[in-house]
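J.:
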Amino acid sequence: MAFDEFLGRIGWGETEEVAGEKLYLAQHTLLTQFPWLAEDLEVPPYARAVRVTHLGSAPITNVWLGPRGTVSPPHTDAYYNCYVQVVGTKWVWLAPRDADQGGAMAAWQADAADTYAGLMHNTSRRDVWAAPTCVDGAMQAVLQPGDLLYLPPHWWHAMHSLSRSFSVSFWF
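Take the sequence shown: its position 122, counted from the start at 1, is 122 in the numbering used here, and no numbers get skipped.
(1) DSSP has Val142 in a bridge; who is on the other side?
(2) As a quick exercise: from Ala58, Trp36, Gln33, Leu31, pick the residue whose alpha carbon is nearest that of Pro44.
(3) DSSP state of Tyr46, grouped into three classes?
(4) Evaluate the contact criterion for the region 147-155 versus the region 59-75: three or more CB pairs, one atom per stretch, below 8 Å.
(5) Going along the chain, which residues of its own chain have a beta-carbon closer than 7 Å to the beta-carbon of Phe166, five neighbours each way excluded?
(6) Can you give the Cα-Cα distance for Met139 and Leu94, rounded to whole angstroms?
(7) Ignore the nearest five residues each way along the sequence and tell me which others in Ala141's own chain have a CB closer than 6 Å to its CB.
(8) So, under 8 Å CB-CB, Ala99 and Gly137 are touching, yes? Tell me the CB distance rounded to an integer number of Å.
(9) Quick test of your reading: Val168 and Leu7, contact by CB under 8 Å. State the CB separation rounded to the nearest angstrom.
(10) Considering only C-alpha positions, which residue in the set Leu162, Phe170, Phe172 is nearest to Pro67?
(11) Count the other CB atoms, across all protein chains shown, that sit within 10 Å of the CB of Asp4; report buried if there are 16 or more and exposed otherwise.
(12) Is it the case that the Cβ atoms of Pro96 and Trp155 are separated by a distance below 8 Å?
(13) Please name the residue in Tyr83, Tyr46, Val63, Ile10 whose C-alpha comes closest to that of Thr32.
(14) Identify the continuous beta strand (DSSP E) that holds Gly137 and give its terminal residues.
(15) Look up Pro74 in the DSSP assignment and say whether it is helix, strand or coil.
(16) Kindly identify the DSSP beta-bridge partner or partners of Leu151.
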């Protein structure tokens with residue numbers, strides 16, 4: 001699918017309304033595909049301050065682009081993350097890394113037919129949107145355009161787009 005077709009199908013064309021299947025561009029290296037877009041982004045000072053990260057000399061930059069209603073289930077990442085909301089709003093759920101004590105977050109148990117079986121080892125099926133305070137220390141916020149959320153490694157987090165949304169993460 002061409003990128004302009006994708007944008008139209010996720011509500012970035014003439015209308016925000018999306019019909020049919022919900023598409024979501026997640027964890028994509030859009031800036032490698034379209035390098036001139038990087039000129040419009042500034043690496044946050046927090047990520048720039050680290051001379052050499054455990055990932056190399058520069059943060060890994062990923063783009064998240066989708067319509068209203070897209071969801072990233074509760075999961076953890078192994079990296080420090082400066083998550084920037086560029087366009088739209090997102091409801092974010094957070095919990096400390098020790099929130100899984102006693103199996104509260106129970107990792108995703110994929111079956112052999114699950115396409116994402118190899119990718120989802122750090123993901124929970126827990127419905128944090130129905131019970132946001134389901135684990136000790138859990139908190140929530142709504143990110144607005146221009147907000148930056150700092151996520152330490154191994155903290156649980158989930159995202160729910162309240163509108164069409166464009167976000168950038170800087171892992172370091």
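No residue lacks a Cβ here, since even glycine has one placed at the ideal position from N, Cα and C.
T.: Quick look at the numbers:
(1) Trp91
(2) Ala58
(3) helix
(4) no
(5) Leu65, Val86, Val87, Gly88
(6) 5 Å
(7) Val92
(8) 6 Å
(9) Val168 to Leu7, Cβ: 16 Å. No contact.
(10) Leu162
(11) exposed
(12) yes
(13) Val63
(14) Unbroken run through Gly137: none, as it is neither H nor E.
(15) strand
(16) Asn81
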